[in-house]
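In this note's numbering, the protein residues as written are 34 to 310.
What follows is a single structure, written as structure tokens, with notes after it.
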Ligand SMILES: C[S@@+](CC[C@H](N)C(=O)[O-])C[C@H]1O[C@@H](n2cnc3c(N)ncnc32)[C@H](O)[C@@H]1O
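Structural data, given as structure tokens:
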């Protein structure tokens with residue numbers, strides 16, 4: 034099946050992930066660790082993206098991860114749509130020498146189960162969170178972080194956030210408020226990202242005068258939230274469509290050992306900083 038989504042930024046994101054995976058398995062190959070790749074929004078293994086007037090089909094995250102040498106000891110692909118699960122199972126048969134598990138279900142729920150049930154001693158994993166939009170709950174990030182064994186690549190849906198966080202605070206609906214609470218893991222954002230733009234009075238209802246910080250400010254806010262949770266967080270790679278900020282790609286390190294954090298961030302930042310802006 035053809036899986037159409039994204040644009041030029043999709044290929045940049047996949048190139049960054051692939052570069053990290055290649056360096057990761059190479060760096061850890063003689064450490065006696067069991068290495069797992071977890072793709073929580075796995076898709077079909079291929080992606081068709083629009084580049085200008087034409088479409089190109091390229092390997093998606095799952096296939097790119099399977100082609101990495103040295104290989105991971107285990108691959109876990111999570112998807113919630115049946116036709117895509119069927120496509121992933123076909124890939125499983127095409128790669129008989131790879132240990133692949135395909136799990137149908139909601140990524141948040143499956144990750145929570147996986148992270149809580151595995152014994153992480155002697156194990157390390159790279160987990161890729163590649164949602165279309167605001168599907169990832171903050172609590173899922175907390176569970177990932179608690180393993181102290183996962184390097185997380187997270188495509189944060191910046192455009193989803195600034196669409197929900199309306200320019201004027203007065204326009205936020207309860208649905209939008211809840212969606213932002215879920216993705217940021219706090220309800221304090223509302224005080225943090227809005228400020229009064231006019232003259233404060235005691236008599237008027239001046240709610241309409243509360244304006245949101247700009248997109249740069251939102252990016253900083255998200256980066257800070259991630260840094261409050263994870264021991265290490267890379268630079269954010271801003272991905273744009275026609276100059277409009279769409280996503281920020283981060284690598285967040287759950288491992289608490291300074292040496293592991295240092296190495297992972299050096300690599301992730303090098304790859305991120307090498308991308309075209
Ligand atoms: C942006 S695509 C992922 C593309 C994939 N990483 C690739 O490189 O080809 C997002 C995928 O997540 C799936 N998805 C959406 N919500 C989900 C959820 N709650 N749990 C699991 N999968 C979900 C969609 O069906 C879609 O295939």
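We put the beta carbon where it would ideally sit given N, CA and C, even for glycine.
Which of the three DSSP states, helix, strand or coil, is assigned to residue i?
i           : result
residue 188 : strand
residue 87  : strand
residue 180 : coil
residue 285 : strand
residue 175 : helix
residue 109 : strand
residue 81  : strand
Could you tell me how far apart the beta carbons of residue i and residue j are, in whole angstroms, since I believe they sit closer than 8 Å?
i           : j           : result
residue 274 : residue 40  : 5 Å
residue 163 : residue 74  : 4 Å
residue 67  : residue 79  : The Cβ separation is near 28 Å, so there is no contact.
residue 138 : residue 172 : Rounded, the Cβ-Cβ distance is 16 Å, inconsistent with contact.
residue 308 : residue 49  : 6 Å
residue 72  : residue 94  : 5 Å
residue 246 : residue 277 : Their Cβ separation, rounded to whole angstroms, is 17 Å, which puts residue 246 and residue 277 out of contact at 8 Å.
residue 53  : residue 304 : 6 Å
residue 46  : residue 188 : 6 Å
residue 182 : residue 222 : Incorrect: roughly 29 Å between the Cβ atoms, too far for contact.
Strictly under 8 Å for the Cβ-Cβ distance: is residue i near chain D by that measure?
i          : result
residue 45 : Absence of chain D from the displayed structure is noted, only one protein chain being present.
Could you tell me which uninterrupted alpha helix (DSSP H) segments, each at least 4 residues in length, are contained entirely in the stretch 209-280, listed from first to last along the chain? The stretch 209-280 contains these whole alpha helix (DSSP H) runs: 222-226, 248-262.
Okay, do the stretch 250-268 and the stretch 276-285 touch, 3+ Cβ pairs below 8 Å being the bar? With the cut-off at 8 Å, the stretch 250-268 and the stretch 276-285 touch.
Near ligand 1, which residues have their beta-carbon closer than 7 Å to a heavy atom? Going by the Cβ distance cut-off, the answer is 36, 38, 39, 47, 72, 73, 74, 75, 76, 77, 78, 79, 80, 93, 94, 95, 111, 112, 113, 114, 117, 138, 139, 140, 141, 161, 163, 164, 165, 168.
When the Cβ atoms of the stretch 130-149 are set against those of the stretch 190-205, are three or more pairs found closer than 8 Å? No, the stretch 130-149 does not touch the stretch 190-205.
Any alpha helix (DSSP H) of 4 or more consecutive residues that is wholly inside the stretch 36-78: Segments of the alpha helix (DSSP H) lying fully in the stretch 36-78: 41-61.
Say whether the stretch 174-190 touches the stretch 238-251, bearing in mind that this needs 3 or more beta-carbon pairs closer than 8 Å, one atom from each stretch. By the C-beta criterion, the stretch 174-190 is judged not to be in contact with the stretch 238-251, since fewer than 3 inter-stretch pairs fall below 8 Å.
Could you tell me which whole alpha helix (DSSP H) segments of length 4 or greater appear in the stretch 130-171? List check, alpha helix (DSSP H) in window: 140-150.
Kindly confirm or deny that the stretch 291-310 and the stretch 213-227 touch, where touching means at least three C-beta pairs closer than 8 Å. Contact between the stretch 291-310 and the stretch 213-227 is absent, because fewer than three Cβ pairs lie under 8 Å.
Is it the case that the stretch 108-119 contacts the stretch 81-90, given that we only count it when at least three CB pairs across the two stretches are under 8 Å? Taking 8 Å as the limit for Cβ pairs, the verdict is that the stretch 108-119 does not touch the stretch 81-90.
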